[in-house]
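Dropping the structure here:
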(Lines of atoms letter the chains of each structure in order from A and count residues from 1; the text may use other names and numbers.)
(Lines give C-alpha, C1' and ligand atoms only; values in the text may rest on other atoms or scores of the structure.)
Protein backbone atom coordinates (compact mmCIF):
# COMPACT_ATOMS: atom_id res chain seq x y z
CA UNK A 1 0.00 0.00 0.00
CA UNK A 2 2.99 2.33 0.61
CA UNK A 3 4.05 2.37 -3.04
CA UNK A 4 0.45 2.51 -4.21
CA UNK A 5 -0.01 5.60 -2.01
CA UNK A 6 2.95 7.37 -3.62
CA UNK A 7 1.97 6.25 -7.12
CA UNK A 8 -1.64 7.39 -6.82
CA UNK A 9 -0.43 10.68 -5.35
CA UNK A 10 1.71 11.37 -8.42
CA UNK A 11 -1.16 10.32 -10.69
CA UNK A 12 -3.29 12.84 -8.80
CA UNK A 13 -0.69 15.56 -9.46
CA UNK A 14 -0.78 14.64 -13.15
CA UNK A 15 -4.60 14.74 -13.28
CA UNK A 16 -4.49 18.00 -11.33
CA UNK A 17 -2.38 19.49 -14.12
CA UNK A 18 -4.84 18.19 -16.72
CA UNK A 19 -7.84 19.44 -14.73
CA UNK A 20 -6.64 22.89 -13.63
CA UNK A 21 -3.41 23.61 -15.51
CA UNK A 22 -5.05 25.06 -18.59
CA UNK A 23 -7.13 27.54 -16.62
CA UNK A 24 -4.08 29.70 -15.84
CA UNK A 25 -3.63 30.51 -19.54
CA UNK A 26 -7.30 30.32 -20.54
CA UNK A 27 -7.73 34.08 -20.81
CA UNK A 28 -4.41 34.46 -22.65
CA UNK A 29 -5.57 31.97 -25.26
CA UNK A 30 -9.08 33.38 -25.59
CA UNK A 31 -7.62 36.87 -26.09
CA UNK A 32 -5.59 35.35 -28.97
CA UNK A 33 -2.30 36.63 -27.63
CA UNK A 34 -0.65 33.18 -27.72
CA UNK A 35 -1.64 30.01 -29.58
CA UNK A 36 -3.20 27.25 -27.41
CA UNK A 37 -0.37 24.76 -27.92
CA UNK A 38 2.38 27.23 -27.10
CA UNK A 39 0.48 28.69 -24.13
CA UNK A 40 -0.16 25.30 -22.52
CA UNK A 41 3.46 24.19 -23.08
CA UNK A 42 4.81 27.38 -21.49
CA UNK A 43 2.34 26.94 -18.62
CA UNK A 44 3.66 23.44 -18.01
CA UNK A 45 7.27 24.65 -17.85
CA UNK A 46 6.27 27.50 -15.53
CA UNK A 47 4.32 25.05 -13.34
CA UNK A 48 7.46 22.95 -12.91
CA UNK A 49 9.69 25.92 -12.08
CA UNK A 50 7.19 27.39 -9.63
CA UNK A 51 6.75 24.06 -7.89
CA UNK A 52 10.46 23.78 -7.08
CA UNK A 53 11.22 27.47 -6.46
CA UNK A 54 8.66 28.92 -4.05
CA UNK A 55 9.18 26.85 -0.92
CA UNK A 56 6.94 24.39 0.95
CA UNK A 57 4.78 26.55 3.25
CA UNK A 58 1.54 25.32 1.65
CA UNK A 59 2.70 21.69 1.89
CA UNK A 60 3.21 22.01 5.64
CA UNK A 61 -0.23 23.61 6.03
CA UNK A 62 -1.79 20.57 4.35
CA UNK A 63 0.25 18.02 6.30
CA UNK A 64 -0.13 19.65 9.73
CA UNK A 65 -3.48 21.47 9.72
CA UNK A 66 -6.05 19.02 8.31
CA UNK A 67 -5.56 16.02 10.57
CA UNK A 68 -3.78 15.51 13.89
CA UNK A 69 -0.76 13.38 12.94
CA UNK A 70 -0.29 11.91 16.44
CA UNK A 71 -2.38 8.81 15.61
CA UNK A 72 -0.49 8.58 12.32
CA UNK A 73 2.83 8.31 14.16
CA UNK A 74 1.49 6.08 16.93
CA UNK A 75 -0.80 3.86 14.86
CA UNK A 76 -0.29 1.18 12.23
CA UNK A 77 1.46 2.45 9.09
CA UNK A 78 -0.98 0.56 6.83
CA UNK A 79 -3.89 2.64 8.16
CA UNK A 80 -1.95 5.80 7.34
CA UNK A 81 -1.13 4.62 3.81
CA UNK A 82 -4.76 3.66 3.21
CA UNK A 83 -5.94 7.04 4.52
CA UNK A 84 -3.62 8.95 2.17
CA UNK A 85 -4.36 6.71 -0.83
CA UNK A 86 -8.12 6.98 -0.25
CA UNK A 87 -7.86 10.78 -0.07
CA UNK A 88 -6.17 10.84 -3.46
CA UNK A 89 -8.50 8.29 -5.09
CA UNK A 90 -11.62 10.02 -3.76
CA UNK A 91 -10.42 13.33 -5.13
CA UNK A 92 -9.51 11.74 -8.46
CA UNK A 93 -13.02 10.37 -8.85
CA UNK A 94 -14.51 13.84 -8.42
CA UNK A 95 -11.87 15.56 -10.57
CA UNK A 96 -12.29 13.18 -13.48
CA UNK A 97 -16.06 13.67 -13.35
CA UNK A 98 -15.81 17.48 -13.40
CA UNK A 99 -13.08 17.33 -16.07
CA UNK A 100 -15.36 15.26 -18.33
CA UNK A 101 -18.26 17.69 -17.90
CA UNK A 102 -15.85 20.66 -18.27
CA UNK A 103 -16.80 22.20 -14.94
CA UNK A 104 -13.95 24.09 -13.20
CA UNK A 105 -14.74 23.04 -9.65
CA UNK A 106 -11.37 22.80 -7.91
CA UNK A 107 -8.90 19.96 -7.62
CA UNK A 108 -7.66 21.59 -4.41
CA UNK A 109 -11.11 21.59 -2.85
CA UNK A 110 -11.70 17.98 -3.83
CA UNK A 111 -8.39 16.83 -2.34
CA UNK A 112 -9.04 18.57 0.96
CA UNK A 113 -12.63 17.32 1.07
CA UNK A 114 -11.56 13.76 0.31
CA UNK A 115 -8.78 14.06 2.89
CA UNK A 116 -11.31 15.07 5.55
CA UNK A 117 -13.65 12.19 4.68
CA UNK A 118 -10.86 9.62 4.55
CA UNK A 119 -9.40 10.99 7.80
CA UNK A 120 -12.73 10.64 9.60
CA UNK A 121 -13.06 7.06 8.34
CA UNK A 122 -9.50 6.21 9.41
CA UNK A 123 -9.13 8.02 12.74
CA UNK A 124 -12.50 9.51 13.73
CA UNK A 125 -13.93 13.02 14.04
CA UNK A 126 -11.80 13.86 17.09
CA UNK A 127 -8.54 13.83 15.11
CA UNK A 128 -9.67 16.22 12.40
CA UNK A 129 -8.27 19.72 12.99
CA UNK A 130 -11.63 21.47 12.53
CA UNK A 131 -10.53 24.90 13.79
CA UNK A 132 -7.39 24.97 11.64
CA UNK A 133 -9.37 23.74 8.64
CA UNK A 134 -11.86 26.56 9.06
CA UNK A 135 -9.25 29.31 9.59
CA UNK A 136 -6.50 28.27 7.19
CA UNK A 137 -8.47 26.38 4.55
CA UNK A 138 -12.21 27.05 4.40
CA UNK A 139 -11.98 30.76 5.23
CA UNK A 140 -9.13 31.27 2.76
CA UNK A 141 -11.06 29.45 0.05
CA UNK A 142 -14.16 31.55 0.70
CA UNK A 143 -12.35 34.89 0.81
CA UNK A 144 -9.86 34.36 -2.05
CA UNK A 145 -12.45 34.30 -4.89
CA UNK A 146 -14.09 37.42 -3.47
CA UNK A 147 -10.72 39.18 -3.45
CA UNK A 148 -10.05 37.87 -6.97
CA UNK A 149 -13.39 39.27 -8.16
CA UNK A 150 -12.78 42.65 -6.50
CA UNK A 151 -9.22 43.01 -7.77
CA UNK A 152 -10.21 41.93 -11.28
CA UNK A 153 -12.90 44.62 -11.26
CA UNK A 154 -10.54 47.30 -9.91
CA UNK A 155 -7.53 46.38 -12.07
CA UNK A 156 -9.57 46.71 -15.25
CA UNK A 157 -11.07 50.04 -14.13
CA UNK A 158 -7.58 51.38 -13.33
CA UNK A 159 -6.09 49.99 -16.53
CA UNK A 160 -8.83 51.52 -18.70
CA UNK A 161 -8.30 54.89 -17.05
CA UNK A 162 -4.51 54.83 -17.44
CA UNK A 163 -4.63 53.60 -21.04
CA UNK A 164 -7.57 55.67 -22.18
CA UNK A 165 -5.45 57.50 -24.75
CA UNK A 166 -2.79 54.84 -25.15
CA UNK A 167 -0.68 54.79 -28.30
CA UNK A 168 0.12 51.72 -30.37
CA UNK A 169 3.50 51.57 -28.60
CA UNK A 170 1.83 51.33 -25.20
CA UNK A 171 -0.55 48.63 -26.43
CA UNK A 172 2.46 46.61 -27.60
CA UNK A 173 4.04 47.04 -24.16
CA UNK A 174 0.84 45.72 -22.56
CA UNK A 175 1.06 42.66 -24.81
CA UNK A 176 4.62 42.01 -23.59
CA UNK A 177 3.60 42.48 -19.95
CA UNK A 178 0.66 40.18 -20.56
CA UNK A 179 2.92 37.38 -21.76
CA UNK A 180 5.10 37.83 -18.67
CA UNK A 181 2.06 37.81 -16.40
CA UNK A 182 0.85 34.57 -18.01
CA UNK A 183 4.17 32.93 -17.21
CA UNK A 184 4.27 34.20 -13.63
CA UNK A 185 0.66 33.14 -13.02
CA UNK A 186 1.46 29.59 -14.15
CA UNK A 187 4.62 29.79 -12.01
CA UNK A 188 2.56 30.71 -8.91
CA UNK A 189 -0.12 28.12 -9.66
CA UNK A 190 2.50 25.38 -9.99
CA UNK A 191 3.85 26.21 -6.56
CA UNK A 192 0.51 26.27 -4.74
CA UNK A 193 -1.05 23.18 -6.32
CA UNK A 194 1.99 20.90 -6.32
CA UNK A 195 2.59 21.62 -2.63
CA UNK A 196 -0.85 20.27 -1.69
CA UNK A 197 0.10 16.90 -3.16
CA UNK A 198 3.50 17.02 -1.42
CA UNK A 199 1.81 17.75 1.90
CA UNK A 200 -0.54 14.78 1.72
CA UNK A 201 2.16 12.33 0.61
CA UNK A 202 4.37 13.69 3.42
CA UNK A 203 1.81 12.42 5.94
CA UNK A 204 2.26 8.93 4.52
CA UNK A 205 6.04 9.31 4.73
CA UNK A 206 5.68 10.35 8.38
CA UNK A 207 3.77 7.12 9.00
CA UNK A 208 6.49 5.14 7.23
CA UNK A 209 9.39 6.70 9.12
CA UNK A 210 7.47 7.28 12.39
CA UNK A 211 8.97 10.77 12.35
CA UNK A 212 7.87 14.37 12.01
CA UNK A 213 6.67 15.78 8.71
CA UNK A 214 9.42 16.34 6.14
CA UNK A 215 9.23 17.31 2.46
CA UNK A 216 12.19 15.56 0.77
CA UNK A 217 13.72 16.86 -2.46
CA UNK A 218 12.70 13.77 -4.46
CA UNK A 219 9.05 14.40 -3.53
CA UNK A 220 9.26 18.05 -4.63
CA UNK A 221 10.76 17.06 -7.99
CA UNK A 222 8.35 14.17 -8.58
CA UNK A 223 5.24 16.26 -7.87
CA UNK A 224 6.60 19.13 -9.98
CA UNK A 225 7.18 16.90 -13.00
CA UNK A 226 3.79 15.17 -12.68
CA UNK A 227 1.91 18.48 -12.49
CA UNK A 228 3.82 19.97 -15.44
CA UNK A 229 3.31 16.92 -17.67
CA UNK A 230 -0.40 16.88 -16.82
CA UNK A 231 -0.72 20.53 -17.82
CA UNK A 232 1.13 20.04 -21.11
CA UNK A 233 -0.72 16.88 -22.18
CA UNK A 234 -4.27 17.65 -21.08
CA UNK A 235 -4.67 21.23 -19.97
CA UNK A 236 -7.10 22.20 -22.73
CA UNK A 237 -10.42 20.97 -21.37
CA UNK A 238 -11.23 23.89 -19.04
CA UNK A 239 -9.96 26.64 -21.34
CA UNK A 240 -13.29 27.21 -23.09
CA UNK A 241 -15.27 27.37 -19.82
CA UNK A 242 -12.97 29.86 -18.09
CA UNK A 243 -11.71 31.82 -21.10
CA UNK A 244 -14.80 31.99 -23.30
CA UNK A 245 -18.03 30.96 -21.57
CA UNK A 246 -18.03 33.40 -18.61
CA UNK A 247 -17.60 36.60 -20.63
CA UNK A 248 -15.92 37.92 -23.76
CA UNK A 249 -12.18 38.32 -23.17
CA UNK A 250 -9.79 40.67 -24.94
CA UNK A 251 -6.14 41.41 -24.16
CA UNK A 252 -6.90 44.16 -21.63
CA UNK A 253 -9.49 42.05 -19.78
CA UNK A 254 -7.15 39.08 -19.73
CA UNK A 255 -4.22 41.11 -18.39
CA UNK A 256 -6.36 42.61 -15.59
CA UNK A 257 -7.68 39.17 -14.65
CA UNK A 258 -4.19 37.70 -14.53
CA UNK A 259 -2.75 40.53 -12.44
CA UNK A 260 -5.56 40.10 -9.91
CA UNK A 261 -4.97 36.34 -9.74
CA UNK A 262 -1.19 36.70 -9.43
CA UNK A 263 -1.65 39.05 -6.48
CA UNK A 264 -3.93 36.63 -4.60
CA UNK A 265 -2.05 33.40 -5.39
CA UNK A 266 1.39 34.86 -4.59
CA UNK A 267 0.20 36.03 -1.16
CA UNK A 268 -1.26 32.56 -0.57
CA UNK A 269 2.06 30.92 -1.48
CA UNK A 270 4.02 33.16 0.88
CA UNK A 271 1.61 32.67 3.79
CA UNK A 272 1.03 28.94 3.29
CA UNK A 273 -2.67 29.17 2.41
CA UNK A 274 -3.90 26.28 0.20
CA UNK A 275 -6.33 28.28 -1.90
CA UNK A 276 -7.79 27.24 -5.25
CA UNK A 277 -6.08 29.01 -8.15
CA UNK A 278 -8.94 27.88 -10.40
CA UNK A 279 -11.42 29.65 -8.14
CA UNK A 280 -9.42 32.87 -8.12
CA UNK A 281 -8.89 32.86 -11.89
CA UNK A 282 -12.58 32.23 -12.54
CA UNK A 283 -13.75 34.88 -10.08
CA UNK A 284 -11.30 37.45 -11.47
CA UNK A 285 -12.74 36.83 -14.96
CA UNK A 286 -16.19 37.51 -13.49
CA UNK A 287 -14.78 40.69 -11.96
CA UNK A 288 -13.36 42.06 -15.21
CA UNK A 289 -16.56 41.15 -17.02
CA UNK A 290 -18.62 43.00 -14.44
CA UNK A 291 -16.25 45.96 -14.67
CA UNK A 292 -17.23 46.38 -18.33
CA UNK A 293 -20.92 45.79 -17.62
CA UNK A 294 -22.72 43.15 -15.51
CA UNK A 295 -24.57 42.11 -18.66
CA UNK A 296 -21.26 40.99 -20.16
CA UNK A 297 -21.07 38.07 -17.70
CA UNK A 298 -22.79 34.79 -18.49
CA UNK A 299 -24.46 34.41 -15.10
CA UNK A 300 -25.94 31.05 -16.11
CA UNK A 301 -22.55 29.32 -16.34
CA UNK A 302 -21.39 31.37 -13.34
CA UNK A 303 -24.15 29.87 -11.19
CA UNK A 304 -23.09 26.36 -12.26
CA UNK A 305 -19.47 27.11 -11.35
CA UNK A 306 -20.40 28.49 -7.92
CA UNK A 307 -22.63 25.46 -7.27
CA UNK A 308 -19.68 23.20 -8.09
CA UNK A 309 -17.51 25.13 -5.62
CA UNK A 310 -20.09 24.67 -2.87
CA UNK A 311 -20.63 20.93 -3.33
CA UNK A 312 -17.05 19.85 -4.08
CA UNK A 313 -15.76 19.55 -0.50
CA UNK A 314 -18.76 17.67 0.98
CA UNK A 315 -19.12 15.43 -2.10
CA UNK A 316 -15.40 14.60 -2.07
CA UNK A 317 -15.51 13.92 1.69
CA UNK A 318 -18.23 11.31 1.20
CA UNK A 319 -16.34 9.72 -1.69
CA UNK A 320 -13.05 9.74 0.26
CA UNK A 321 -14.64 7.98 3.24
CA UNK A 322 -16.20 5.37 0.96
CA UNK A 323 -12.91 4.73 -0.85
CA UNK A 324 -11.11 4.28 2.50
CA UNK A 325 -13.47 1.46 3.51
CA UNK A 326 -13.07 -0.16 0.09
CA UNK A 327 -9.26 -0.02 0.17
CA UNK A 328 -9.23 -1.25 3.77
CA UNK A 329 -10.74 -4.53 2.60
CA UNK A 330 -8.07 -5.13 -0.03
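Numbering (the numbering used here), first residue to last: 1 to 330. Beta carbons: idealized from backbone N, C-alpha and C, even for Gly. Just so it is clear, the structure is predicted and the values come from calculations on it, not from any experiment.
Name the DSSP bridge partner or partners of residue 128? Paired residue(s): 67.
For residue 66 and residue 133, believed in contact at Cβ under 8 Å, the rounded distance: Between residue 66 and residue 133 the Cβ distance is about 6 Å, and since that is below 8 Å, they are a contact.
Please state the DSSP three-state secondary structure of residue 32. Reduced to three states, the DSSP call for residue 32 is coil.
DSSP state of residue 202, grouped into three classes? Helix, per DSSP.
Return helix, strand or coil for residue 329, following the three-state DSSP convention. Residue state, collapsed to three classes: coil.
Apart from the five residues on each side of it in sequence, which residues of its chain come closer than 7 Å, Cβ to Cβ, to residue 54? So the qualifying residues of the chain are 191 and 269.
Across the region 67 to 74 and the region 199 to 214, are there enough close Cβ pairs to call them in contact, namely three or more that are closer than 8 Å? Segment contact: the region 67 to 74 against the region 199 to 214, three or more CB-CB distances shorter than 8 Å; contact assigned.
Alpha-carbon to alpha-carbon, residue 42 and residue 317: Each residue's alpha carbon lies about 34 Å from the other.
Closest by C-alpha distance to residue 297, when choosing among 307, 282, 309 and 310: Out of 307, 282, 309 and 310, the CA that lies nearest to the CA of residue 297 is found in 282.
Quick check on this structure: which residue in 141, 250 and 189 has the alpha carbon closest to the alpha carbon of residue 175? Ranked by how close their Cα comes to the Cα of residue 175, the residues 141, 250 and 189 have 250 in first place.
Once you ignore the five residues that flank residue 312 on each side, which residues in its own chain have a CB closer than 7 Å to its CB? Same-chain partners within the cutoff: 94, 105, 106, 109, 110 and 113.
Three-state secondary structure assigned by DSSP to residue 253: In this structure, residue 253 counts as helix in the three-state DSSP scheme.
Where does residue 15 fall in DSSP's three states? In the three-state reduction of the DSSP assignment, residue 15 falls in the helix class, which pools H, G and I.
Extent of the continuous alpha helix (DSSP H) to which residue 290 belongs: For residue 290, the enclosing alpha helix (DSSP H) has its first and last residue at 277 to 292.
Within 10 Å of its beta-carbon, does residue 274 have 16 or more other beta-carbons around it, so buried, or fewer, so exposed? It counts as buried.
Measuring alpha carbon to alpha carbon, tell me which residue in 9, 230, 261 and 183 is nearest residue 99. It is 230.
Three Cβ pairs or more, each shorter than 8 Å: is that satisfied between the region 81 to 90 and the region 277 to 294? No, the region 81 to 90 does not touch the region 277 to 294.
Considering residue 106, what are the terminal residues of the alpha helix (DSSP H) in which it resides? Following the DSSP letters along the chain, one finds residue 106 in no alpha helix (DSSP H), marked with neither H nor E.
Would residue 81 and residue 207 be called neighbours here (beta carbons separated by less than 8 Å)? Inclusion of residue 81 and residue 207 in the CB contact set at 8 Å is warranted, their separation being smaller than that value.
Compute the Euclidean distance between the alpha carbons of residue 141 and residue 272, then round it to the nearest angstrom. Their Cα atoms are separated by approximately 13 Å.
Rounding to the nearest angstrom, what Cα-Cα distance links residue 186 and residue 302 in this structure? Each residue's Cα considered, the two are about 23 Å apart.
So, do the region 117 to 131 and the region 323 to 330 have three or more beta carbon pairs nearer to each other than 8 Å? Touching, yes.
For the candidate residues 307, 10, 40 and 57, whose alpha-carbon lies nearest to that of residue 24? When each option's Cα is compared against that of residue 24, the closest is 40.
For residue 194, which residues from the same chain have a beta carbon less than 7 Å from its beta carbon, with the 5 sequence-adjacent residues on both sides left out? Around residue 194: 13, 51, 223, 224 and 227.
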